[in-house]
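Following the working numbering, the numbering of the sequence shown begins with 21 at its first residue and continues without gaps.
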Amino acid sequence: MAGPNELMAAIAEVGVDRRRGGYSRHVFDDAERQLREWFTEQAEARGLRVEADRNTNIWAWWGEPGDDAVVTGSHLDSVPGGGAFDGPLGVVSALSAVDLLRARDFQPRRPLAVVVFAEEEGGRFGVPCLGSRLLAGTIDRDRALALRDPDGVTLAEAVRSFGADPARLGCDEEALRRIGQFVELHVEQGRGLVDLDRPVAVASSILAHGRWRFRFHGQGNHAGATLIGDRRDPMLPASRLVLEARRVAAGTEGGRATVGRLVPNPGGTNVIPSTVDVWLDARSPEDRSTRAMVTELSALAREFAAAEGCDVAVTEESYGDTVHFDTAFRDQLSGLLDGAPALPTGAGHDAGVLAAEVPAAMLFVRNPTGISHAPEEHAEPDDCESGAQALARVLEHLAG
Ligand code: HGY
Ligand code: MN
Ligand code: MN
Ligand code: MN
21 MAGPNELMAA
31 IAEVGVDRRR
41 GGYSRHVFDD
51 AERQLREWFT
61 EQAEARGLRV
71 EADRNTNIWA
81 WWGEPGDDAV
91 VTGSHLDSVP
101 GGGAFDGPLG
111 VVSALSAVDL
121 LRARDFQPRR
131 PLAVVVFAEE
141 EGGRFGVPCL
151 GSRLLAGTID
161 RDRALALRDP
171 DGVTLAEAVR
181 SFGADPARLG
191 CDEEALRRIG
201 QFVELHVEQG
211 RGLVDLDRPV
221 AVASSILAHG
231 RWRFRFHGQG
241 NHAGATLIGD
251 RRDPMLPASR
261 LVLEARRVAA
271 GTEGGRATVG
281 RLVPNPGGTN
291 VIPSTVDVWL
301 DARSPEDRST
311 RAMVTELSAL
321 AREFAAAEGC
331 DVAVTEESYG
341 DTVHFDTAFR
351 DQLSGLLDGA
361 PALPTGAGHD
371 AGVLAAEVPA
381 AMLFVRNPTG
391 ISHAPEEHAE
401 PDDCESGAQA
411 LARVLEHLAG
């Protein structure tokens, strides 16, 4: 029997990123594989039956796998240089909840499973919630198989090297049918619970959000030999786009726009780049306003490119519409948890992808820094304990 803090401590050294700080755990890399093995051992030690699905998500079943299951879990991958809690807290809390229920001699009357979804952050192949999207059939499998990581390795190749069969990837109706209800516990990624002075909340909604790649194309050339007037430098329209993203988001109600990744090619200090790739992450409460931000920024990008004698191609890499979690399910959980408050979130989650297919809900655990996707992300041990207790209570109620 282990609490969430003990389980978090057991994986604290896996995937530490000494260069960036925080953790870098990307799908199928050494750290992520180590976490998969660790999870499998932990689940098997609890007598759970572990299996991988067609999309390399891991399932650990309490009793026989079957339909109408109560499913809980999250992900073990991270963003580059991410925090310790985003993802793993949901997985370790699920294991800990199983222990708490076992200690009470609880016998589930419905199948119960802990799931670990693959590539939730899109840190390697660029599409977040890839494992749950594939399972739910909300990403075209051929498009997914052709996704490339920064080294040019395709998802199909990576799945094969991992030892799974890329031909089996895609909509998994059997896995989907088995999920009667899904509950994901997650560290909060803002300060909602700090402000409310509460340890645990339920999720109300997720912003409409997506990722777009702007590829600016100019003329690579010599930094010293090329007169300013002769340049077609794609870094100029790229930089102007970054500034406009802030302005457009600030003028959109609840809007957020971020450029967290910008890659000049070839990337030499004394080289005018031939291309610059800019990734835009745009979010807002409504599909319409998120789309409007991207439409406006795309038009500006074309204008800025033309002014420099460059061109630009815009590619939508992922998109997810606003998620409103099932109100009755959310209220039911809140009722079980002493009136836990409902909070919206700006972050995407596998629970958000699944919410379009099955009843889904989320529990948030207080984060005193309010920071996430950075090493300062945090949850106090007592709050992690409260989260696991809350999850156990929910599972006991749903599966009992
Ligand atoms: O919100 C995100 O960026 C990711 O889905 N966790
Ligand atoms: Mn995240
Ligand atoms: Mn997460
Ligand atoms: Mn998630």
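Just so it is clear, CB atoms sit at the ideal spot from N, CA and C, and this is done for glycine as well. On a predicted model such as this, the values are computed, not experimentally measured, just so you know.
Residue 278 has 301 as its beta-bridge partners, per DSSP. In the structure shown, residue 355 adopts helical secondary structure according to DSSP, grouped into three states. Every beta strand (DSSP E) of 3 residues or more that sits fully in the stretch 77 to 155 is shown, in chain order, as 78 to 82, 89 to 95, 132 to 137.
For residue 191, the CB contacts under 8 Å within the same chain, skipping 5 residues up- and downstream, are 154, 155, 156, 157, 161 in chain order. Exposure of residue 280 is indicated by the presence of fewer than 16 other C-beta atoms within 10 angstroms of its C-beta.
In the displayed model, residue 62 falls within a helix according to three-state DSSP. Measuring C-alpha to C-alpha distances from residue 349 to each of 103, 123, 139, 204 identifies 204 as the nearest. About 10 Å separates the CB atoms of residue 143 and residue 393; that is not less than 8 Å, and the two are not in contact. Take the alpha-carbon of residue 24 and the one of residue 242: they are about 55 Å apart. With a cutoff of 6 Å, residue 400 does not count as near ligand 2, since its C-beta is closer than that to no heavy atom of the ligand. If you look at residue 336, you'll find it in the beta strand (DSSP E) that goes 331 to 340. Taking the C-beta atoms as reference points, residue 202 is found nearer than 7 Å to residue 380. Residue 332 places its beta carbon less than 7 Å from that of residue 322. The beta carbon of residue 408 sits closer than 6 Å to the beta carbons of 24, 113, 116, 117 from its chain, once the five residues preceding and following it are set aside; these are given in chain order. Closest in C-alpha terms to residue 95, from the list 356, 65, 138, 359, comes 138. Residue pairing of residue 284 in beta bridges, as defined by DSSP: 296. Going by C-alpha positions, residue 183 is about 18 Å away from residue 59.
Sorted by chain position, residues whose beta-carbon lies closer than 5 Å to a non-hydrogen atom of ligand 1 are 148, 367, 368.
Remark: the C-beta of residue 297 is outside contact range of ligand 3, defined as less than 6 Å to any heavy atom. One residue list follows from the rule of a beta carbon closer than 5 Å to any heavy atom of ligand 3, given in chain order as 106, 107. Residue 397 is not bridged by DSSP to any residue. Contact holds between the stretch 339 to 357 and the stretch 370 to 386, because three or more Cβ pairs, one in each stretch, are under 8 Å apart. By the CB criterion at 7 Å, residue 330 and residue 237 fall inside the cutoff. Scanning the stretch 191 to 268 from its first residue to its last, the whole alpha helix (DSSP H) runs of 4-plus residues come out as 193 to 198, 212 to 216. For residue 382, the uninterrupted beta strand (DSSP E) segment begins and ends at 380 to 385. Excluding residues up to 5 positions away in sequence, 70, 80 lie with their Cβ nearer than 6 Å to the Cβ of residue 63 in the same chain.
For residue 33, the shortest separation between its Cβ and any heavy atom of ligand 2 does not lie below 6 Å. Inter-residue distance for residue 268 and residue 277 is about 8 Å (C-alpha atoms, whole angstroms).
For residue 24, the uninterrupted alpha helix (DSSP H) run begins and ends at 24 to 30, by DSSP. Going by DSSP, residue 69 is part of the beta strand (DSSP E) stretching over 69 to 72.
In the pairwise beta carbon analysis, the stretch 298 to 310 is classified as touching the stretch 219 to 238: at least three pairs are separated by under 8 Å.
Cβ contact annotation for residue 28 (same chain, cutoff 8 Å, sequence separation greater than five): 104, 105, 108, 109, 112, 404, in chain order. From the listed residues 358, 244, 224, the smallest Cα separation to residue 290 is found for 244. For residue 178, the enclosing alpha helix (DSSP H) begins and ends at 175 to 182. Its Cα nearest to that of residue 50, the residue 34 stands out among 211, 40, 34.
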